[in-house]
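The next block holds one structure in the form of structure tokens; read it before the comments.
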Amino acid sequence: MDWAIANRELIFSLALTHVSLCVLPIVASFVLSIPIGWLANRRPWARTLIISAGSLLYTIPSLPLFVMLPYLLGTRITDATNILVALTIYAIAMMVRSASDALAAVPADAINAATAVGYSRWGRFWRVEFPLAGPVLLAGARVVSVSTIALASVGAIIGSANLGYLFTNGKQRDFLDEILIGIVATLVIALVFDLVLVLLGRILMPWNRATRVRRTRTAVA
Amino acid sequence: MQFFLDALLWLFDPANYVPGTQSPLPIQDRIGEHLLYTALSVAAAALIALPLGFFIGHTGRGRQFVIAFTGGMRAVPTLGLLMALFLIVGSTVPFTQAAFVASIVAFVILAIPSILAGAYAGIESVSPAAVDAARAIGMTELQILFRVEIPLSLPLIIGGIRASVLQVIATAVVASYISLGGIGAIISSGIGLNDNNRILGGAILVTVLALVIDGLFALLQRLTRTRGLDRADIDLRAQPVGLVTVTGSPVDEGKSNVHS
């Protein structure tokens, strides 16, 4: 604990780097997966293709992807871009599935009703389908957020100065406290991100609070 | 692209497969180690997680625990877990074995959530009508579990194991940082020597290994699907991303990959 207080500036700056590495992948995956998820629900073959591509990308182990990207992007191996791109790839791979599931689960009745009252395709998507898909999209984004924050620390092996540095440095110095502080700091960031997402969900989907009942399996199936 | 061609040539160079060559070589030994670590830790994790998952899935008791546990474990940074265990184990076990013991313990911990979630979600996904019918014709609870629920949910149970295997393959690469063997050793020696062929060759090798094993598991899931079960929509590629929907959050609870 003394160590954490004495090194609070270091921990803070590592945490800041960590956060800056994670925000873009989380946001980008959410934004990009919505059109991709929409596309996946247009045609069955598109869905198969997109879902398979997503899980294939997700299957690539993280460290190998981190070290392969410099050769593909022409960056230096220590460049933060590699980690950003890798995290974004994983985040999209995870989120595309949630997005297509979320959009597919929108009740057909609601869509038909919206068409009947005169919504254009575009208007119907943003004002009916997207809000109704909201809770599942949010659940997906929360998983993406937690996984991305946990994964980013692996980047420390190739020299990224994020919270993972506390792990590699702690190992080299044979200093367990430093590693444990790193784990706790990572968990705290994950928790804060999760709370922010939940809060955003509450604000953007106020109707969801009223019907926040525990769904049982039979209710869905 | 030239780097990739060189790395492929390096991977196919017979000189790198000669037994008795210096440390990260020969390549086949590192592949063997990688598979050994994976098999060992996933087997140990399955011994713990499968019975627990079956129990929770069958009785419905403790599902909150599975959801919280699998969700929480997702937040744990693998690198931190590995390093912490390395130092903890290193203080009691001789240095030469510390990396191995710490890594296996970390892999087991990381493999448990997916297997647990797969087993639980699998058993839960079995139609209550089938379970009631089994009970009505006089099966005991254990018979219901082993002769109805497990056979019907085998693809999902294997899906959980599939996710955990991939998780361990990926983490075993990271464990080369605490000088564990395996394919990661090829990559780290490449980083140390600034040898592009080793870095890329190792990375390509693990990626291909992961994809091949993933494919084999997909096949196994297909083969274990009960023919009588009219569920054409079971998505066999649902793991590991699919588990997300099972364990993600209460909002989407019950929306397991079977219904996707």
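Which chain is which? The protein sequence lines are A and B, in order.
Residue numbers for the first sequence follow the working numbering, so the first one is 523 and each next one is one higher.
Residue numbers for the second sequence follow the working numbering, so the first one is -4 and each next one is one higher.
Note that beta-carbon positions come from the ideal geometry of N, C-alpha and C, so glycine has one too.
No Cβ-Cβ contact shorter than 9 Å links A/ASN684 with A/LEU591. Exposed is the label assigned to A/ASP631, since fewer than 16 other Cβ atoms lie within 10 Å of its Cβ. Put simply, the CB of A/ASP696 is near chain B, with a gap under 9 Å to one of its CB atoms.
For the region 202 to 226 of chain B, the beta-carbon criterion of a distance under 8 Å to any beta-carbon of chain A is satisfied by THR202, ALA205, LEU206, ASP209. With respect to A/GLY704, A/SER682 sits apart: the two C-beta atoms are not nearer than 9 Å. If you check the CB distance, B/LEU105 and B/MET68 come in under 9 Å. C-alpha of B/ALA114 to C-alpha of B/PHE64: approximately 14 Å in a straight line.
Taking C-beta atoms under 8 Å as the contact rule, B/ALA112 and B/VAL61 qualify, at a distance of about 6 Å. The three-state reading of DSSP puts A/ASN691 in helix, counting H, G and I together. A contact between stretches requires three or more CB pairs, one per stretch, nearer than 8 Å, and the region 583 to 599 of chain A fails this requirement with the region 545 to 559 of chain A. Sequence-distant Cβ neighbours of A/ALA638 in its own chain, meaning closer than 6 Å and more than five residues away, do not exist here. The DSSP-derived three-state label of A/SER682 is coil. Interface flag for B/PHE81 against chain A is set, since a Cβ pair is found closer than 9 Å.
Taking CB atoms only, B/ILE26 has no neighbour in chain A less than 9 Å away. The CB of B/PHE(-1) comes closer than 8 Å to the CB of TYR593 in chain A, given here in chain order.
Comparing alpha carbon positions, the residue from B/THR33, B/LEU20, B/TRP5 closest to B/ILE208 is B/THR33. For A/PHE689, a Cβ of chain B is located within less than 9 Å of the residue's own Cβ. Look at B/GLN17 here: in three-state DSSP terms it is coil, with no helix or strand label.
For A/MET590, at least one C-beta of chain B is nearer than 9 Å to its own C-beta. Of the residues assessed, A/PRO657 falls on the buried side of the cut-off, its CB having 16 or more other CB atoms within 10 angstroms. For the C-beta of A/GLY704, the chain B residues within less than 8 Å are, from N- to C-terminus, PRO72, GLY75.
The three-state reading of DSSP puts B/SER148 in helix, counting H, G and I together. A/PRO583 is a Cβ neighbour of B/ALA165, given a cutoff of 9 Å. Under the Cβ distance rule, B/ARG69 counts among the residues neighbouring chain A, one pair being separated by less than 9 Å.
No Cβ-Cβ contact shorter than 9 Å links A/ILE680 with A/GLU651. Between the region 211 to 221 of chain B and the region 139 to 153 of chain B there are three or more C-beta pairs closer than 8 Å, enough to call the two in contact.
If you look at A/SER622, you'll find it in the alpha helix (DSSP H) that goes 602 to 626. Nearest neighbour of B/ARG222 by Cα position, chosen from B/PRO146, B/VAL203, B/ALA125, B/ILE182, turns out to be B/PRO146.
At a C-beta separation below 7 Å, B/ILE194 has these neighbours in chain A: VAL589.
Closest in C-alpha terms to A/ALA624, from the list A/LEU659, A/VAL720, A/ILE614, comes A/LEU659. Ranked by how close their Cα comes to the Cα of A/SER555, the residues A/LEU543, A/ARG569, A/SER542 have A/ARG569 in first place. Contact between B/ILE107 and B/ALA170 does not hold, since the beta-carbon distance rounds to 17 Å and is not under 8 Å. The beta carbons of B/ASN189 and B/TRP5 sit about 14 Å from each other, so the pair does not count as a contact at 8 Å.
Straight across, the Cα-Cα distance linking B/ILE22 with A/ALA678 is about 26 Å.
Neighbours of B/TYR172 across chain A, judged by C-beta separation under 8 Å: ILE679, THR690, LYS693. With a contact defined as Cβ atoms closer than 8 Å, A/VAL618 and A/ILE671 miss out at about 19 Å.
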